[in-house]
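The sequence shown begins at 206 in the numbering used here and counts up one residue at a time.
Backbone N, C-alpha and C define an ideal beta-carbon position, used for all residues, glycine too.
Treat the numbers as computed from the prediction; the structure is a model and nothing was measured.
Report on one structure; see the data block that follows.
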Amino acid sequence: MSKLKSKTVYLCSACGNDHPKWFGQCPSCKEWGTLSEYKVSKNRAKGDYGQARETQKLEDILIGGEVERIPTGISEMDRVLGGGILPGSLVLLGGNPGIGKSTLALQILPAFQKPALYVSAEESESQVGLRARRLEVQSNTLHLSSENRIEGILDQISLIKPELVVVDSIQTIFSSELDSLPGSTSQIRECGQQLLQLTKQLNIAVIIIGHVTKEGIIAGPKMLEHMVDTVLYLEGDERHDHRILRSAKNRFGTTNELGIFQMKTNGLVQVDNPSELFLAERQNDITGSTIFPSLEGSRPILVEVQALVSNANFGTPQRNVNGFDFKRLAMLLAVLEKRLGTNMGTKDVFVNLVGGLKVDDPAADLAVITAVASAARDQLLSNSVVLIGEIGLGGEVRSVSRLETRINEAKSLGFKTVIAPAANVKRISKHVKRIKVSGISSVGEAFQILF
Ligand code: TYD
Ligand code: MG
């Protein structure tokens, strides 16, 4: 009908804002060449989404108590979500192609007692079936669909009334009301909007799977991230079989919890003791290796810091770092040079946190600077020491958070000595048994003990 006449706006693929006319540069985010045409149906454009929803009194909601989260059956996933998935929430699960997003989705679905729907627009039902067999997934409540039109998916949802829907992936579904291709900005926005409305109206949980581009952002507009309640990333290193699930945004929980898995032949297996996994291949006889008890959310994980220092042959020396802040490393190198007299100006420096973990905790400073010093001096360190401490510009060592948790993790893995900030150690020393804790107040003091 003529009612469905459409209005054209121009949508930015970088920030998701729309504009009445085309610009070479997006007026909102100043990116160039990101605007593309998007047709909104007139009804939609006026904000006519049907009947208004009823209002609710805060008091009634409070009396109802906490909304119960639904456990996914995989505790690593629940931890990252903040204790299970919340009905009525929209979750975006992003990651590189082939990292294991579909596998993870298929593994959590059978936990649901009520019907669940897995929409796999990327694979046929029989392909998903094969994978389910391989994963030994059994369920009599799980429905599969390979529908790729959003309208069809909404119909199926109203038919099945599932508790959880997984849409795999947002880049492959489309609305037949728009004439752009699946995966385009306008399609992703439209489908995202429709799924968002659905979760809030029917109070069901929806997980949208999204592929990540080379630059590491979810392909399609950033606005998808603004739209959803929770953004999870499944990350990993092709050379290793472990996968890390982290949340980049969480309206219903913290964002600093990690879930750790290993990709095995029967799917993703939870890792109960990540420290053991990350230290498994540690060699004892190389210089430039230290151990840092990192805290990821509530959980301590021991990570190995490796450093390699070599003479720079020509030009500006290289600084290369994996898993640690580049600027922070530059600061530590300056401290090493100025306060401890180690010449770094003509050296190439490589620092790597083994296993693909990323640490932005300044408490890692002492482990990093010591690894670099050990490599630069070519001196071996004792392999039963862990190092904790934030370093200031004067080479002083500052106190860190939750030292006891970190020490306990080191102790449980058989480490014998902890070198930690003196200010922390004074407060906790009476409680620590069976591991030697040395309090230090400067990097120089730590080096005296170590070298
Ligand atoms: P997949 O879940 O399809 O990745 P995504 O959906 O993120 O693109 O995972 C694909 C990879 O995982 C593939 O390389 C095979 C591997 N895999 C296993 O090692 N074990 C398994 O049990 C499964 C199902 C996949
Ligand atoms: Mg997939």
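With three or more beta-carbon pairs closer than 8 Å as the criterion, would you say the segment 495-512 touches the segment 610-622?
yes
What residue does the beta strand (DSSP E) around Leu298 start on, and which one ends it?
295-300
Just checking my contact of Glu509 with Ile496 at CB under 8 Å: how many whole Å lie between their CB atoms?
6 Å
Taking all protein chains shown into account, decide if Gly252 is buried (16 or more other Cβ within 10 angstroms of its Cβ) or exposed.
With a pLDDT of 49 at Gly252, under the threshold of 50, the predicted position of this residue should be treated as unreliable, and no value is reported.
Between Ser351 and ligand 2, is the CB less than 7 Å from at least one heavy atom?
Ser351 Cβ: outside cutoff for every heavy atom of ligand 2.
Give the straight-line distance between the Cα atoms of Ser646 and Ile449, rounded to the nearest whole angstrom.
34 Å
Got a sec? Which residues, its chain only, sit under 6 Å from Val591 by beta carbon, not counting five neighbours each side?
Closer than 6 Å at Cβ, skipping near neighbours: Ile496, Pro498, Ala615, Phe620, Val623.
Thinking C-beta only, is Leu558 closer than 8 Å to Leu437?
Contact flag unset, no.
If Tyr323 and Val272 are in contact, beta carbons under 8 Å, what's the gap, nearest whole angstrom?
Contact flag wrong, Cβ pair sits at about 24 Å.
So which of Phe317, Leu311, Gly597 has the shortest CA-CA distance to Glu330?
Leu311
Sufficient close CB pairs (3 or more, under 8 Å) joining the segment 480-494 to the segment 553-573
yes
Alpha carbon to alpha carbon, how far is Cys217 from Ala250? Give it in angstroms, no decimals.
Residue placement at Ala250 is flagged as unreliable, the pLDDT there being 46, under the threshold of 50; the coordinate-derived value follows with that caveat. Going by the C-alpha atoms only, they are around 17 Å apart.
Which of the three DSSP states, helix, strand or coil, is assigned to Met536?
Helix.
Can you give me the start and stop residues for the alpha helix (DSSP H) that Glu185 sits inside?
There is no way to answer for residue 185, as the model of the chain reaches only from 206 to 656.
Let me know the secondary structure DSSP gives Leu216 once reduced to three states.
strand
Return helix, strand or coil for Phe497, following the three-state DSSP convention.
strand
Examine ligand 2 and report whether any of its heavy atoms sits within less than 7 Å of the Cβ of Ser329.
Relative to ligand 2, even the nearest heavy atom lies 7 Å or more away from the CB of Ser329.
I need the boundaries of the beta strand (DSSP E) containing Leu463, first residue and last residue.
It spans 463-469 - the beta strand (DSSP E) in which Leu463 sits, taken as one unbroken run.
For Gly550, count neighbouring Cβ atoms within 10 angstroms of its own Cβ and tell me buried if that reaches 16, exposed if not.
exposed
Rounded to whole angstroms, what is the Cα-Cα separation between Lys208 and Leu463?
Its pLDDT being 47, under 50, Lys208 is placed unreliably by the model, and nothing is read from it.
Ends of the beta strand (DSSP E) at Phe555?
552-558
Thinking C-beta only, is Ser515 closer than 8 Å to Asp553?
yes
Counting beta carbon pairs with one atom in the segment 460-478 and one in the segment 313-322, are three or more of them shorter than 8 Å?
no
Coarse secondary structure for Lys641, derived from DSSP in three states
strand
Met536: beta carbon under 7 Å from a heavy atom of ligand 1?
no
Based on Cα-Cα distance, which residue from Asp583, Arg544, Glu259 lies nearest to Glu650?
Arg544
Does the distance between the C-beta of Asp492 and the nearest non-hydrogen atom of ligand 1 fall short of 7 Å?
The question names Asp, but residue 492 in the sequence shown is Thr. Because no heavy atom of ligand 1 lies under 7 Å away, the Cβ of Thr492 does not count as near it: no.
Short of 7 Å in beta carbon distance, which residues of its chain neighbour Arg639, apart from the five on each side in sequence? Order them along the chain.
Lys616
Would you say Gly305 touches ligand 1, meaning its beta carbon is less than 7 Å from a heavy atom?
With a threshold of 7 Å, the Cβ atom of Gly305 counts as near ligand 1, since some heavy atom of the ligand is closer than that.
Can you find a CB in chain B that lies within less than 8 Å of the CB of Thr435?
The structure shown has no chain B; it contains just one protein chain.
Which residue wins for smallest C-alpha separation from Glu368, given the options Arg336, Ile412, Lys212, Thr377?
Comparing alpha carbon positions, the residue from Arg336, Ile412, Lys212, Thr377 closest to Glu368 is Ile412.
Excluding the five sequence neighbours on either side, which residues of its own chain have a C-beta within less than 7 Å of the C-beta of Asn548, listed in chain order?
Glu542
CA-CA distance, Ala572 and Leu655?
Distance between the alpha carbons of Ala572 and Leu655: 12 Å.
Nearer than 7 Å: is that true of the beta carbon of Asp373 relative to any heavy atom of ligand 2?
yes
Under 8 Å, do Gly293 and Thr459 count as touching if we go by C-beta distance?
no
Between the CA atoms of Glu395 and Val214 - distance to the nearest angstrom:
Roughly 13 Å separates the two Cα atoms.
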